[in-house]
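What follows is one structure encoded as structure tokens, with my remarks underneath.
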Amino acid sequence: MDTVTPRYVVVHLFELPLEAAFGVLSPRKGPPSWRKKAVGVEVPDRRGARLAAVSSAAKKKGVVSGMSRVEAKARIPGLEILPRDQAAEARMLEATAEVLLSFSSMVEVGFPDRITLEIDRSREVLERRGLSTEAEIVEAIGSRVTELGHRVRAAVADDVDTARTWAVCTPVELKIIGPGESATSLASLPLSSLVWTDAVDDPEGRVLERLRSVQSSLRVLGAETVRHLVSLPPDQVKSRFGDAGVLLLDRALGRRRRPLLSFLPKETLLEAIELDPAVEELSPMVFVLKRLFDRLEARLSARGSAANRVELRFSIAPDPDRPVGMPVSPVRLELPLARPTRSASILLRICREIVSASLPGAVSRVEVEARSPVLYAGAQLDLFTRRAKDVERVEELVARLSMMLGEQSVFAAELVDTHRPESAWRARPFLVDLAFSEPAVLEPVRSSRETVLETQRKGRSTTLPEVARVSVLALATENRPIDRRQSLASEQRQWIVDGRQDTVSGVSAYSERQGSESDSDGREWIVDRRQRSESNSDGREWIIDRRRSSESESQSESPSSLVEKTRLDGERPSGQPSTASEPPKWPKPVKKELATEPRQPLPSRPLLLLNEPEPVEFLGGRDNSPPPGARRILLWRNERLLVKDVESRESLEGEWWTNEPFQREYVTVTVEDGRRFWLFFDQNGDVFVHGLFD
673 MDTVTPRYVV
683 VHLFELPLEA
693 AFGVLSPRKG
703 PPSWRKKAVG
713 VEVPDRRGAR
723 LAAVSSAAKK
733 KGVVSGMSRV
743 EAKARIPGLE
753 ILPRDQAAEA
763 RMLEATAEVL
773 LSFSSMVEVG
783 FPDRITLEID
793 RSREVLERRG
803 LSTEAEIVEA
813 IGSRVTELGH
823 RVRAAVADDV
833 DTARTWAVCT
843 PVELKIIGPG
853 ESATSLASLP
863 LSSLVWTDAV
873 DDPEGRVLER
883 LRSVQSSLRV
893 LGAETVRHLV
903 SLPPDQVKSR
913 FGDAGVLLLD
923 RALGRRRRPL
933 LSFLPKETLL
943 EAIELDPAVE
953 ELSPMVFVLK
963 RLFDRLEARL
973 SARGSAANRV
983 ELRFSIAPDP
993 DRPVGMPVSP
1003 VRLELPLARP
1013 TRSASILLRI
1023 CREIVSASLP
1033 GAVSRVEVEA
1043 RSPVLYAGAQ
1053 LDLFTRRAKD
1063 VERVEELVAR
1073 LSMMLGEQSV
1083 FAAELVDTHR
1093 PESAWRARPF
1103 LVDLAFSEPA
1113 VLEPVRSSRE
1123 TVLETQRKGR
1133 STTLPEVARV
1143 SVLALATENR
1153 PIDRRQSLAS
1163 EQRQWIVDGR
1173 QDTVSGVSAY
1183 SERQGSESDS
1193 DGREWIVDRR
1203 QRSESNSDGR
1213 EWIIDRRRSS
1223 ESESQSESPS
1233 SLVEKTRLDG
1243 ERPSGQPSTA
1253 SEPPKWPKPV
1263 KKELATEPRQ
1273 PLPSRPLLLL
1283 NEPEPVEFLG
1293 GRDNSPPPGA
1303 RRILLWRNER
1313 LLVKDVESRE
1323 SLEGEWWTNE
1333 PFQREYVTVT
1343 VEDGRRFWLF
1353 FDQNGDVFVH
1363 GLFD
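Residue numbers for the sequence shown follow our numbering, so the first one is 673 and each next one is one higher.
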């Protein structure tokens, strides 16, 4: 089995100390202004402050790292020096490493200015993104870091030390060392490029001091480059220089291997920028927010997450016109999101309208924090619909309305199981995904009996889930025997199936146990005749329908109608006697409406429903036709309105089991000026206005 050699990318943010102190973002387009100036950062030292990093403009004038403040000022009097902010450097480095998680799951942060990635495990994923070669991968990584505002150098090699040597110790912006070429690529470099240690492995710097001592000794021997070191006998290097010499030789040969320390991002997602000078206008502030939202989107994308809440914090700069002793506290704005998002464009459009109206002065610092991140539920774009774009627009609209009107004013209505109109709905948060979800496909409801009959016609057997009963009204008398083979075919019978009456047109496929009978619509019913009755020998159970025979009994001693009642699910239970009538069931079952029957339209309801019904006076009675010459009058809100018509009566009552039952009779009242009111009369006869029609 072929083994794959791991490949490592080392990214060096070589101006990170300056970027942390002076900022990587500009309130206007283009790079920050300090990149064109002579600036530097200093750190305290036993002999005074020393420069830790300087800009390119300062280097051109002879100022380098390690100089004292006095010496640097002597060369460049206008040199701007700020203290080094290592905490800010660590935050920036971790934020950049978090973004690079989108290129590899194995990322190591090397303080103070280095990030290492193993790209071999992510090769298939990167190829699907169009990054098939190492050059394309490294260029994409460099472009991503540059978009965040950093200047970067990168190198690729078989081992971490070789890639780090090229990225950190050389001015080459991009270097790709092929597999097995580490020793060859390092041969021409100066020996000093191998003299370095990590702060994690060598916190006190003792190993670094020994490496420098070995380098000095080798220089005395004439070894100035890595090639000279490799030419020395390994045994003599080990015996003379010890572990430090072996370490230098292993780095020179590219044979030092070590695992990466996996980076785990912190829960806090915070992006900030210092603005100097302070920003007061809307246009530069929008540009600053866009840069912050872009960085936030990159970090959320690398995590595969989206923000539930986004909070903005603005620090207000001191104003000379403001009275002394009246500091302005930071302004906090929370963006109400309709659903979790990470889109920088959506966040920018949401907050753009309110930022200028919410800031009391010039802003010196801006912070953007994403809170309550959740797993991002992405969706693919559709070739034939614009659903994804429509969802995004509605999401933005709901968020903007919430910002302007308040979150409590933007909601969705949800139905409540009650007949009381004012309590028939409640407010819930507006869910964009639920609003765009497709409704369930409505299929015609078929009764279990129809399904069974269709299955039996096709030659398949089935089991009924419940007892089904068929009633047949037979035109027969006691003194006239019924021939079970001829009666259904010769006489017209009435079927009552689930409350629906049909005329039987004939009988076919009769057998001792089962017969097939069809109605006037052509439907075929399978009737099981396995039931036996002591009173009849023909195999059927004849029961007198008292409700139908009551009229005929008054005219004749013999019943004029008989009902054949058959159970379709099998034999009658043993020991159960045959009775002429069954006791009524309680509570009475509600007849289910057939899907084929049209539904009755609901009475018209007003578009505007009052929160609480308002009492009114209704003079002239509630009848549709008042006495001749009488006029009905509606007194509402100090208005005397002549009633033109009263219609659409509707009775609502319920909740008798609660402490507040209701019983109302609703009517629609039309007045002379055309307005329509929805009134109701309660059980006490009082009249209330409950709504107005549009």
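C-beta: ideal position from N, C-alpha, C; glycine also.
In this text, all values refer to a predicted model and were calculated from it rather than measured experimentally.
Host alpha helix (DSSP H) of residue i (start-end)
i     : result
V1104 : V1104 to A1107
E953  : Per DSSP, E953 belongs to no alpha helix (DSSP H) and is neither H nor E.
F913  : P906 to L925
H1091 : That residue, H1091, is in no alpha helix (DSSP H); it is neither H nor E in DSSP.
L880  : R878 to V892
L1069 : R1059 to L1077
F694  : L688 to F694
L663  : With the chain represented from 673 up to 1366, any question about residue 663 goes unanswered, as that position is not in the structure.
R763  : Q758 to V771
Outcome for residue i when other beta-carbon atoms lying within 10 angstroms are tallied against a minimum of 16
i     : result
S1159 : Low confidence applies here, because S1159 scores a pLDDT of 40, under 50, leaving its location unreliable; read the following figure in that light. That one is buried.
D1345 : exposed
Q1164 : In this prediction, Q1164 has a pLDDT of 44, which is less than 50 and means its spatial position is unreliable; what the coordinates show is noted afterwards. When all chains shown are included, Q1164 counts as exposed.
H1362 : buried
H1091 : exposed
V711  : buried
L984  : buried
L1106 : exposed
V886  : buried
P1249 : Reliability of the predicted coordinates at P1249 is poor, the pLDDT of 49 falling under 50, and no value is obtained from them.
P689  : buried
L789  : buried
S774  : buried
E1025 : exposed
A693  : buried
E691  : buried
G1357 : exposed
Reference residue i; option with closest CA among the options
i     : options                       : result
L1007 : A839, R1059, V1318 and E1068  : E1068
R1011 : A1071, R1321, S955 and S1320  : A1071
L883  : G894, A916, M957 and L901     : A916
S1323 : Q1355, T842, E819 and G926    : Q1355
F1108 : D1062, P1093, S1095 and I1018 : D1062
W1350 : W1308, R1277 and G1357        : R1277
R971  : V918, Y1048 and T856          : Y1048
T869  : L858, L919 and L751           : L919
S973  : R912, I748 and S776           : S776
S934  : R722, S737 and E766           : E766
V1318 : E1311, T1340, R1336 and W838  : T1340
N980  : F1290, E1041 and G914         : E1041
T805  : V828, R816 and V817           : V828
P678  : L932, I1022 and A1302         : L932
A895  : L921, S911 and S815           : L921
Q1080 : R927, R1100 and S728          : R1100
V1315 : N1331, E1325 and E1289        : E1289
Contact belief for residue i with residue j at Cβ below 8 angstroms, rounded distance in angstroms
i    : j    : result
V715 : R756 : 5 angstroms
I945 : G720 : Contact flag wrong, Cβ pair sits at about 31 angstroms.
A725 : V713 : 5 angstroms
Identified DSSP bridge partners for residue i
i     : result
G782  : R786
E1086 : R1098
D1317 : T1342
Q1335 : E1325
I988  : V1035
T897  : P862
W1350 : T1340 and G1363
I1026 : None; I1026 has no bridge partner.
R741  : Partner(s): none; R741 has no beta bridge.
K847  : A827
S977  : L1047
F965  : DSSP lists no partner for F965.
F1290 : L1306
R1312 : L1307
E946  : R1037
Segment limits, beta strand (DSSP E) that includes residue i
i     : result
L1306 : I1305 to W1308
T818  : Unbroken run through T818 is the alpha helix (DSSP H), E806 to E819; no beta strand (DSSP E).
T1013 : V1003 to T1013
E1367 : Outside the shown range of the chain, which is 673 to 1366, sits residue 1367, and nothing can be said about it.
R722  : R722 to V726
Proximity test, Cβ basis, 8 angstroms: residue i and chain B
i     : result
P1012 : The displayed structure is made up of one protein chain only, and chain B is not part of it.
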